Amino acid sequence: APYVEAIAQVIGIDQWCVCENGAYLYHPKTDEVIYNPLIKSEALAALLLLNQLFRQEQYRNVCKIELGKEVCISLNPLSISVEALFEMVAKESDPNLLYVNHSASAVDITPKGVDKGTGLKLLAQIVGFNLSDVLAVGDSSGDLPFMKLSGKTACPANASDAVKMIADYISPYPTTEGVVDILRHDCDNAIK
130 APYVEAIAQV IGIDQWCVCE NGAYLYHPKT DEVIYNPLIK SEALAALLLL NQLFRQEQYR
190 NVCKIELGKE VCISLNPLSI SVEALFEMVA KESDPNLLYV NHSASAVDIT PKGVDKGTGL
250 KLLAQIVGFN LSDVLAVGDS SGDLPFMKLS GKTACPANAS DAVKMIADYI SPYPTTEGVV
310 DILRHDCDNA IK
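Residue numbering for the sequence shown follows the working numbering, starting at 130 and increasing by one per position.
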């Protein structure tokens with residue numbers, strides 16, 4: 130959780146964080162980690178094999194493994210499109226153990242049955258809140274599982290069409306500007 134810990138320190142978060150597409154929860158103040166109980170040891174073994182495969186010389190110019198991941202694998206394409214990398218990874222992955230997904234910039238490989246939705250459910254169980262009280266902000270298909278569970282949904286202007294279809298509010302701004310606008314919009318509507 131080094132990446133999440135660093136981000137949490139920079140923006141002042143001292144509460145539980147859902148990490149690596151729901152694979153675990155991390156508390157930056159206590160340094161506690163709770164792994165998603167849906168993760169199977171067979172899936173971890175399959176992830177280890179894929180990690181070793183994509184570190185081989187033949188893939189060195191094809192993709193780069195994102196550092197700092199503890200459970201999942203994220204691959205960034207170097208010389209091919211993200212769609213081509215997705216197809217390549219899907220062929221190498223066991224669909225009974227692993228779920229392969231992609232955003233506009235990376236291919237993510239997670240244990241099957243583990244996603245941001247199961248991570249959010251685990252967080253709600255640990256902390257004790259209702260999913261209907263959650264504002265879910267997402268931009269790609271990997272965000273759909275937790276967005277579908279949440280009471281309110283929103284996305285920045287650069288979100289995929291699938292995310293825009295379920296969003297209650299679509300910001301006119303992309304990326305970070307969009308998230309700031311979404312938070313302002315939500316706060317303004319909560320005050321009224």
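Beta carbons: idealized from backbone N, C-alpha and C, even for Gly.
Remember, predicted model here, so these are calculated numbers, not experimental data.
Alpha-carbon to alpha-carbon, residue j and residue i
{"i": "Cys146", "j": "Pro157", "result": "8 Å"}
{"i": "Val211", "j": "Arg313", "result": "33 Å"}
{"i": "Asp297", "j": "Gly242", "result": "26 Å"}
{"i": "Ile142", "j": "Glu134", "result": "9 Å"}
{"i": "Thr247", "j": "Ala235", "result": "21 Å"}
{"i": "Gly271", "j": "Glu195", "result": "17 Å"}
{"i": "Asp317", "j": "Ala137", "result": "25 Å"}
{"i": "Leu177", "j": "Lys169", "result": "13 Å"}
{"i": "Pro301", "j": "Gln185", "result": "42 Å"}
{"i": "Leu207", "j": "Leu214", "result": "9 Å"}
{"i": "Thr304", "j": "Ile140", "result": "17 Å"}
{"i": "Cys148", "j": "Ile320", "result": "30 Å"}
{"i": "Glu199", "j": "Asp315", "result": "33 Å"}
{"i": "Gly280", "j": "Val263", "result": "5 Å"}
{"i": "Ala130", "j": "Thr159", "result": "12 Å"}
{"i": "Ile209", "j": "Asn225", "result": "26 Å"}
{"i": "Gln187", "j": "Tyr132", "result": "28 Å"}
{"i": "Asn273", "j": "Arg189", "result": "Strictly speaking, residue 273 in this sequence is Leu, with Asn absent from that position. Taking the straight line joining both Cα atoms gives about 31 Å."}
Exposure of residue i, with buried meaning 16 or more beta-carbon neighbours within 10 Å
{"i": "Lys172", "result": "Reading the sequence as shown, one finds Ala at residue 172 and not Lys. So Ala172 counts as buried."}
{"i": "Pro285", "result": "buried"}
{"i": "Thr239", "result": "buried"}
{"i": "Gly151", "result": "buried"}
{"i": "Thr282", "result": "buried"}
{"i": "Gly307", "result": "buried"}
{"i": "Ile311", "result": "buried"}
{"i": "Ile202", "result": "buried"}
{"i": "Glu161", "result": "exposed"}
{"i": "Gly267", "result": "buried"}
{"i": "Asp290", "result": "exposed"}
{"i": "Leu182", "result": "exposed"}
{"i": "Val309", "result": "exposed"}
Which residues DSSP lists as bridging residue i, in chain order
{"i": "Leu154", "result": "Val147 and Ile163"}
{"i": "Ala265", "result": "Thr282"}
{"i": "Leu176", "result": "Answer is none; Leu176 lacks a bridge partner."}
{"i": "Leu227", "result": "Pro240"}
{"i": "Tyr302", "result": "Looking at the DSSP assignment, Tyr302 forms no beta bridge with any residue, so it has no partner."}
{"i": "Leu115", "result": "Only positions 130 to 321 of the chain appear in this structure, which leaves residue 115 out of reach."}
Nearest-angstrom beta carbon gap, residue j and residue i [assumed within contact, 8 Å]
{"i": "Asn205", "j": "Lys193", "result": "5 Å"}
{"i": "Phe275", "j": "Ala265", "result": "5 Å"}
{"i": "Ser222", "j": "Ser269", "result": "Actually they are not in contact, since the Cβ atoms of Ser222 and Ser269 sit about 19 Å apart, beyond 8 Å."}
{"i": "Ile255", "j": "Leu154", "result": "7 Å"}
{"i": "Leu249", "j": "Leu278", "result": "6 Å"}
{"i": "Leu260", "j": "Ala175", "result": "Not confirmed; about 30 Å, so no contact."}
Handout entry: Three-pair Cβ contact test at 8 Å for the segment 203 to 221 versus the segment 159 to 172
Key = no
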